[in-house]
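Residue numbers (the numbering used here), protein chains in the order written: chain A, 1 to 496; chain B, 497 to 1002.
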């Protein structure tokens, strides 16, 4: 009962109750979840009492949604009233939210049970879930490796079967890359599809929440539940939640899949990864899809553009953590400047500081035009690239990430190499487009992700293709071996 | 050298007015806008900049900004953008202020104001000679107010600062003028006119005591005839007409002294010290903050449709200037009188209703612009605060016009009507104040007074009219104020001098 599909079936048939499911989930979260460094906070009692209420609705035939009674985890940057939200940062360590964010609100209204929070890179800045006050998350397939980031904890709990689904947030690939590393499905919806109200902002024009699940069908269920217009988010698209499941008919005949030549250049991507991705695309072709070559000519600029826009916005978004009203204030400060300086110096980790400095710089007088304005112009060009590409294809396919999960600590001291890995994921954020990563095989025992990108509001098309792919493959049914993982992680930590 | 720097230099002033918009809730949060509440009472997680909150534009402000734009003949931009102005301060919870920067909602307008024809008019006579001056409005943009830092040691303790965020997020319209003003009194005239308009169109209560109408003044000097502007300084946070006038005077003197000594003005932000009546440098421009403005990614550009603008235009009330011209023509009023009557919309409405009800615009204008206004000033009230209905005042005026109540007795009744209301005719009758028009009775009273004051009568008879008023007073007193003064005067003159010489005395 480790997938959302089996959990739904069990709850609906009465094979087990939500309370039983939540109890079992909590104990897995305490064991595997904590061991992997993927779970950072649990709300056992509250979750169980909500599960009891959910059981009475289920028994009365009054299920609020297909997610009724199912447990899941929020990423630790999504607030919930009365619960901590830390963003894996020291500066928010003491923070308890006085208000309910849209995700907690929507999913609780749908009858789903929030059991706790998952680990992440501090303020969602990173690709490895190593920049965290809680310590790193380990990849369930190989605990010596990262589970990706920043939604690494969310990917790991789904891969390890702790919960059937989890929510991630994706600013430059933070859902899709960990999904790829952990062998699960992760989707970043169209910008504005899912409310950002209650999502702690990293880069407001790029951030988007999305589901992490085992299958495309489960992803559709969760996305239906979390999307839809929210007046509290001015960038929310005034469209009702899409009907997605009905699109999953397995039919991809005639579907035009564009392969950007810039995504398949020699030397860039690990050959093993490229081979699995090609095989995956072949699979869709044999199901009736047509392959066309397209071009995204500004691909070489997307990483630089992304880091200019994202850091600029972050430098402003993170100004509110000043020690004045909530969160952590440095002790023994004598004056205002010292309060700011020390609260922020002590409260933020290195990567966050690096990005605040970069972002402050690119917005500064004298540099604004050369960096921020230029980046906005390139962003328009990137958007145009996609628009043009979608004239000749229905969706675009390629690798999610140039390699499989890298080793813990491997890139900690080389942030630029970490940034460069985002080449295939950041474009969807810059252009505001939906994109999904689905498991398409293994390289040296580690999962490989196939990324599909669609036009704005094209989630249904992406999920149809992803579902069709999963009907023909069984990568999503593979499970990591978790026996003895606890001992292995203990050894690893001892060795460090 | 002349004492008045304005004889040597032309003063150039541009004003930035921050006015609180009249809304129930804040610019980007549902928290209420109230004045005088307990500190940090009117705050929403959005105003506290809690993690994860997002701003949502209060749509009501759009209509208010458009109204001000139309009332100042400005263009309303089809598209305007909210930016972030980044700086750290404890009363700025987000670490940035949301403000319109390079794409404001309103631009390129003007305001016509009445100013003395002579720029440095000093005498009463010079000040009375006025002309209409057109002051350019560069732009008006929407932004949020910050909270308040309370450094008061009595409240906060010796070296603590308290933060009150009730004001944080209150919607402001910043209205920026062209550097078209040439004296402190022109600046004040502009501000009065602007404030009056804001109130007329119900965009702001613009109560300066509540901080709803604040002003920054940009000031520079140049020699008369010079076409280039001098280096300017900016005086921040002026919140009364007196402080604006005082600050400008003080800064003009400071700058002129520097220039007189051959020095140069350094671009700076100034503060005005009311107690010492001096301006001092707060910070130099070269140390100015870099605000790192960029478009707020949490908000979408504000799009305004032409039809929306037209709908607002069609509902725009008559503005003070238009009203003043109409009153002068339609009711044949003097310009000073008309000016007073249009000073607020409620005053103007009160006048028109009274004029109609008593059928004498002239009398209504007189009563309202003098007597009623005096009562209001004494009580520090606005017409809109009064219980007194225009029809009641009209009744009182009618009694006077019909000769049934003397003006003096009517004036004596006014405070009571203002405070407690009531029916003037009934009060008049209850107190037995109805004017005496019985000529027989007046004759008798005049006779008695003449007999008792023979000396005064003789003086008048010999051509000295001075004691006439004294005699009149005596008669009025004897009638308990009820006799018609005109009738009394006429009778007195007739009886002392005989027929044909009435009306000569004054």
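Don't be surprised by glycine CBs; every beta carbon is placed ideally from N, CA and C.
In the structure shown, what three-state DSSP assignment does residue 820 of chain B receive?
-> helix
Per-residue burial, residue 282 of chain A [other beta carbons within 10 Å of its own, 16 or more giving buried] | exposed
When you compare each of A/127, A/219, A/413 and A/58 to residue 436 of chain A by their alpha carbons, which one comes out closest?
-> A/219
If residue 74 of chain A sits next to residue 120 of chain A, beta carbons under 8 Å apart, how far is it from one beta carbon to the other, in whole angstroms?
-> No, residue 74 of chain A and residue 120 of chain A are not in contact; Cβ-Cβ is about 10 Å, not under 8 Å.
Counting pairs of Cβ atoms below 8 Å between the stretch 202-210 of chain A and the stretch 438-454 of chain A, do you hit three or more?
-> no
Residue range of the beta strand (DSSP E) that includes residue 441 of chain A | 435-443
Residue burial classification, residue 244 of chain A (beta-carbon count within 10 angstroms, cutoff 16) | buried
Taking the runs of the beta strand (DSSP E) that are 3 residues or longer, which of them lie wholly in the stretch 246-324 of chain A?
-> 256-260 and 290-294
Please report how far the alpha carbon of residue 63 of chain A lies from the alpha carbon of residue 548 of chain B, in whole angstroms.
-> 30 Å
Would you mind working out which of A/254, A/273 and A/496 sits nearest residue 263 of chain A, comparing C-alpha positions?
-> A/273
Leaving out five residues before and five after residue 640 of chain B in sequence, what residues of the same chain have Cβ atoms less than 8 Å from its Cβ?
-> 522, 523, 524, 593, 594, 595, 664, 665, 666, 667 and 668
Ordered along the chain, which non-local residues of its own chain (more than five positions away) have a Cβ less than 8 Å from that of residue 5 of chain A?
-> 164, 214, 215, 217 and 218
Close Cβ partners of residue 659 of chain B (< 7 Å) along its chain, the five nearest in sequence each way excluded | 586, 587, 643 and 645
Can you give, in chain order, each stretch of the alpha helix (DSSP H) that sits fully within the stretch 769-830 of chain B and has at least 4 residues?
-> 802-811 and 816-826
Cross-strand partners of residue 508 of chain B (DSSP beta bridge) | B/716
Quick one: which chain B residues come within Cβ less than 7 Å of residue 108 of chain A?
-> Neighbours of residue 108 of chain A on chain B: none; closest Cβ ~16 Å, over 7 Å.
Helix, strand or coil for residue 997 of chain B per DSSP?
-> Residue placement at residue 997 of chain B cannot be trusted, given a pLDDT of 44 that sits under 50; what the coordinates show is reported in the next sentence. The answer is coil: DSSP assigns residue 997 of chain B none of H, G, I, E or B.
Alpha carbon to alpha carbon, how far is residue 99 of chain A from residue 30 of chain A? Give it in angstroms, no decimals.
-> Cα atoms of residue 30 of chain A and residue 99 of chain A: separation of roughly 26 Å, rounded to the nearest angstrom.
Contact check, residue 212 of chain A vs residue 155 of chain A, beta carbons under 9 Å = yes
Cβ contact check for the stretch 335-344 of chain A and the stretch 396-412 of chain A: 3 or more pairs under 8 Å = no
Under 8 Å between beta-carbons, which chain B residues line up against residue 76 of chain A? List them in chain order, please.
-> Result: empty, since nearest Cβ-Cβ is about 11 Å, beyond 8 Å.
Could you pull out every unbroken beta strand (DSSP E) segment of at least 3 residues lying fully inside the stretch 28-108 of chain A, listed in chain order?
-> DSSP runs (the beta strand (DSSP E)) wholly in the stretch 28-108 of chain A: 39-42 and 71-75.
Could you say which of A/360, A/364 and A/381 lies nearest to residue 295 of chain A if we only look at CA atoms?
-> Ranking A/360, A/364 and A/381 by Cα distance to residue 295 of chain A puts A/381 first.
If residue 1039 of chain B sits next to residue 984 of chain B, beta carbons under 8 Å apart, how far is it from one beta carbon to the other, in whole angstroms?
-> Here chain B covers residues 497 to 1002 and nothing more, so residue 1039 of chain B does not appear.
Local conformation of residue 845 of chain B per DSSP, three classes = helix
Which residue comes first and which comes last in the alpha helix (DSSP H) that contains residue 337 of chain A?
-> 336-347
For residue 231 of chain A, return the contacting residues in chain B, with the cut-off set at a CB-CB distance below 8 Å.
-> 552
Unbroken alpha helix (DSSP H) run spanning residue 467 of chain A, endpoints = Per DSSP, the unbroken alpha helix (DSSP H) holding residue 467 of chain A starts and ends at 459-472.
Output yes if chain B places a C-beta closer than 9 Å to the C-beta of residue 568 of chain A; else output no.
-> No information on residue 568 of chain A is available, as it lies outside the stretch 1 to 496 that chain A covers here.
Does the distance from the C-beta atom of residue 197 of chain A to that of residue 352 of chain A stay below 9 Å?
-> no
Residue 1006 of chain B to residue 893 of chain B, Cα distance in whole Å?
-> Residue 1006 of chain B cannot be examined here, being either before or after the span of chain B that is shown, 497 to 1002.
With a 10 Å radius around its C-beta and 16 neighbouring C-beta atoms as the bar for buried, classify residue 516 of chain B as buried or exposed.
-> buried
Neighbour-count burial assignment, residue 951 of chain B, 16 or more Cβ in a 10 Å radius = exposed
Quick one, which residues of the stretch 305-316 of chain A are near chain B if we go by CB-CB under 7 Å, in chain order?
-> The residues in question are 312, 313 and 316.
Within 9 Å, strictly: CB atoms of residue 920 of chain B and residue 895 of chain B = Contact flag set, yes.
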